[in-house]
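A short write-up of the structure that comes next.
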Amino acid sequence: MTADGPRAPAYEEAVRARIAAARLWAAHRAPYLASAVFALNPVILEPALDEDTGAPVADPQFRAFPADTRWNLYVEPGTALATPVEEAGWWMLHQVGHLVRGHAARSPVRPAPGQEVGPAAGVVRDEEAHRWNQAADAEINDDLEAEDLRGPAGVVSPAELGLPANRTAEEYVPMIDVLAQAMDRGGRALAEAIDCGSAVDGQERTYEGGGCGEGLTQLDRELLERSIAAGIQDRISARSEVPSGWRRWAEERVRPSVNWRARLGATVRRGLSTVAGQVDFSYRRPSRRVGAYTDIVPPSMVRAVPDTVLVIDTSGSVTRDVLSRLLAEVSGIIESVAGPHRRLRAFCCDVRPYPVQVVRRASDIELAGGGGTDMRAGIAAAMALRPRPDLVIVLTDGETPWPEQRPAAHVVVCLIGDGGHAPDWASVARIPADVPPRVPAKGES
Ligand SMILES: [Zn+2]
Numbered sequence: 001m002t003a004d005g006p007r008a009p010a011y012e013e014a015v016r017a018r019i020a021a022a023r024l025w026a027a028h029r030a031p032y033l034a035s036a037v038f039a040l041n042p043v044i045l046e047p048a049l050d051e052d053t054g055a056p057v058a059d060p061q062f063r064a065f066p067a068d069t070r071w072n073l074y075v076e077p078g079t080a081l082a083t084p085v086e087e088a089g090w091w092m093l094h095q096v097g098h099l100v101r102g103h104a105a106r107s108p109v110r111p112a113p114g115q116e117v118g119p120a121a122g123v124v125r126d127e128e129a130h131r132w133n134q135a136a137d138a139e140i141n142d143d144l145e146a147e148d149l150r151g152p153a154g155v156v157s158p159a160e161l162g163l164p165a166n167r168t169a170e171e172y173v174p175m176i177d178v179l180a181q182a183m184d185r186g187g188r189a190l191a192e193a194i195d196c197g198s199a200v201d202g203q204e205r206t207y208e209g210g211g212c213g214e215g216l217t218q219l220d221r222e223l224l225e226r227s228i229a230a231g232i233q234d235r236i237s238a239r240s241e242v243p244s245g246w247r248r249w250a251e252e253r254v255r256p257s258v259n260w261r262a263r264l265g266a267t268v269r270r271g272l273s274t275v276a277g278q279v280d281f282s283y284r285r286p287s288r289r290v291g292a293y294t295d296i297v298p299p300s301m302v303r304a305v306p307d308t309v310l311v312i313d314t315s316g317s318v319t320r321d322v323l324s325r326l327l328a329e330v331s332g333i334i335e336s337v338a339g340p341h342r343r344l345r346a347f348c349c350d351v352r353p354y355p356v357q358v359v360r361r362a363s364d365i366e367l368a369g370g371g372g373t374d375m376r377a378g379i380a381a382a383m384a385l386r387p388r389p390d391l392v393i394v395l396t397d398g399e400t401p402w403p404e405q406r407p408a409a410h411v412v413v414c415l416i417g418d419g420g421h422a423p424d425w426a427s428v429a430r431i432p433a434d435v436p437p438r439v440p441a442k443g444e445s
């Protein structure tokens with residue numbers, strides 16, 4: 001270091017030492033996650049400095065060491081210095097949990113137009129974002145607690161709250177809602193309002209610096225997750241301790257063909273119900289029978305079925321056989337949720353979208369196309385439809401560019417085969433490249 005170069009502020013060295021110690025602690029306590037812990041990229045934020053002493057002042061809104069989906073871990077110096085090593089290490093394991101479990105893509109949270117979220121924006125997050133963060137925390141903390149890794153005071157603990165173990169965030173949301181309401185009446189909060197960053201809901205925070213550059217790319221993350229999963233499986237073969245939640249995760253990550261049908265069903269159903277929850281009892285589809293009372297628009301008080309559009313990758317790299325079989329699967333799932341013979345809209349897409357088809361079941365779609373691949377065109381065509389869809393289901397091998405921005409609809413990507421990738425903002429179900437023919441359920445034609 002030269003004397004003339006820009007000097008790092010005095011606190012920075014202490015912060016880096018604290019982070020390094022916390023990493024070691026985390027890797028030691030959960031050796032099966034060591035590579036994940038070391039893949040986290042700490043980004044040291046500008047602290048608020050005490051006017052008298054010049055020392056960084058802790059900002060409790062950064063107490064969770066919030067992360068983003070590029071594996072950046074945002075370290076607020078005052079907070080880091082005020083947090084014991086074990087606690088900082090616990091938060092690292094916690095954030096790895098959000099990242100590898102894809103909470104950002106699974107999140108039901110959508111930004112209101114022009115709204116910013118997160119501590120730096122100084123905006124109180126809405127109820128939905130807060131509840132999703134708590135439910136996702138419950139899913140992770142549950143596994144940590146099973147390892148006797150108890151979180152700091154104030155975080156959601158399924159065991160302490162008397163919630164069942166081993167559930168998903170989606171399953172915890174309604175339970176937490178009920179508990180929170182009950183505790184509200186007793187004048188007590190369920191847990192502190194902790195913000196784990198965009199790793200939990202995919203909504204960029206202002207302190208993230210506009211998403212430019214830093215951190216892991218989609219391909220890096222894909223490779224990292226595979227290596228974490230392979231490492232866990234090696235440990236299992238060597239009879240080392242690995243908690244059951246992580247065993248299950250590694251099994252599914254390494255061999256997506258195991259249980260793919262169940263997971264495809266869960267992902268699509270989750271997409272349908274997430275969206276249905278948002279459009280329930282809305283005025284979106286007013287009754288047409290207004291007669292003389294033209295000023296009165298009665299709400300449609302029925303459970304709205306999400307308007308779903310399929311985008312089908314018909315480029316040369318995806319075989320027709322696999323697509324037809326996958327369409328039959330998806331059709332069966334949609335029917336089981338929405339009832340039979342709903343109107344479905346669909347686009348075939350290679351480098352361009354083909355005309356929209358309106359069908360009663362997905363298996364009636366005529367497959368057209370065959371050139372290169374650009375799913376951006378198909379998604380753009382879907383979003384340009386009126387009425388605009390609530391849910392877009394994309395069937396593709398993922399060898400395609402994706403829109404950079406999350407579209408205004410929930411997107412589920414059925415990713416065929418081992419290659420390819422899906423964007424951060426989509427829910428993903430991996431499908432084996434050789435989809436076996438589907439056996440129709442009883443009563444299906
Ligand atoms: Zn969290």
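Under full-length UniProt numbering, the sequence shown has 54 at position 54, and the numbering climbs by one with no breaks. Glycine included, each C-beta is placed from N, C-alpha and C at the ideal position.
Between the region 248 to 268 and the region 48 to 66, the count of C-beta pairs closer than 8 Å stays below three; the two stretches do not touch. Taking C-beta atoms as the reference points, Asp201 and Trp132 count as a pair closer than 8 Å.
In the pairwise beta carbon analysis, the region 32 to 43 is classified as touching the region 83 to 95: at least three pairs are separated by under 8 Å. Residue pairing of Phe347 in beta bridges, as defined by DSSP: Val311. With contacts defined as CB atoms closer than 8 Å, Leu45 and Tyr207 qualify as a contacting pair.
With a threshold of 7 Å, the Cβ atom of His98 counts as near ligand 1, since some heavy atom of the ligand is closer than that. The beta carbon of His94 sits closer than 7 Å to at least one heavy atom of ligand 1. Checking the DSSP bridge columns, you'll see Asn72 partnered with Asn41.
Taking the Cβ of Asn133 as the reference point, at least one heavy atom of ligand 1 falls within a distance shorter than 7 Å.
Excluding its 5 nearest sequence neighbours in each direction, Val242 has C-beta neighbours in its own chain below 7 Å: Tyr32, Ile232, Arg235, Ile236, listed in chain order. Set against 7 Å, the gap from the CB of Ala422 to the closest heavy atom of ligand 1 is not smaller. Distances from the CB of Val200 to the heavy atoms of ligand 1 include at least one below 7 Å. Boundaries of the beta strand (DSSP E) around Thr396: 391 to 396. At the C-beta level, Ala80 and Arg23 stay beyond 8 Å of one another. Counting only residues whose CB is nearer than 5 Å to a non-hydrogen atom of ligand 1, the list in chain order is Asp137, Cys196. Where His98 is concerned, the enclosing alpha helix (DSSP H) starts and stops at 85 to 100.
Straight-line spacing of the CA atoms in Asp350 and Val356 works out to 14 Å. The C-beta separation of Glu214 from Asn41 comes to about 7 Å, placing the pair in contact by the 8 Å criterion. A straight line joining the alpha-carbon of Gln218 with that of Tyr74 spans about 19 Å. A Cβ-Cβ contact shorter than 8 Å links Leu323 with Ile312.
Annotation for Val155: no alpha helix (DSSP H) segment contains it, and DSSP assigns it neither H nor E. One alpha carbon belongs to Ala105, the other to Phe347, and they sit about 23 Å apart.
Exposure of Asp52 is indicated by the presence of fewer than 16 other C-beta atoms within 10 angstroms of its C-beta. For Val254, the enclosing alpha helix (DSSP H) stretches over residues 244 to 254. Residue burial annotation: Ala48 is exposed, with fewer than 16 other C-beta atoms found within 10 angstroms of its C-beta. When the alpha-carbon of Leu272 is set against those of Arg325, Trp249, Ala338, Glu225, the nearest one is in Ala338. The three-state reading of DSSP puts Pro387 in coil, since its state is none of H, G, I, E or B.
In this structure, Ala136 is the residue among Ala266, Ala136, Leu310 with its C-alpha nearest to the C-alpha of Ala193.
The continuous alpha helix (DSSP H) containing His130 extends over residues 127 to 146.
Sixteen is the threshold: when 16 or more other Cβ atoms of the shown chains lie within 10 Å of the Cβ of Gln134, as they do, the residue is buried. Taking C-beta atoms as the reference points, Arg345 and Val309 count as a pair closer than 8 Å.
A direct Cα-Cα distance of roughly 21 Å separates Arg239 from Ala26. By the neighbour-count criterion, in which a residue is buried when 16 or more other Cβ atoms sit within 10 angstroms of its Cβ, Pro77 is buried. Sequence-distant partners of Glu225 (beyond 5 residues in either direction) whose C-beta falls short of 8 Å from its own C-beta, in its chain, are Val100, Arg253.
Secondary structure note for Val200: it is in no beta strand (DSSP E), and the uninterrupted alpha helix (DSSP H) holding it is 198 to 201.
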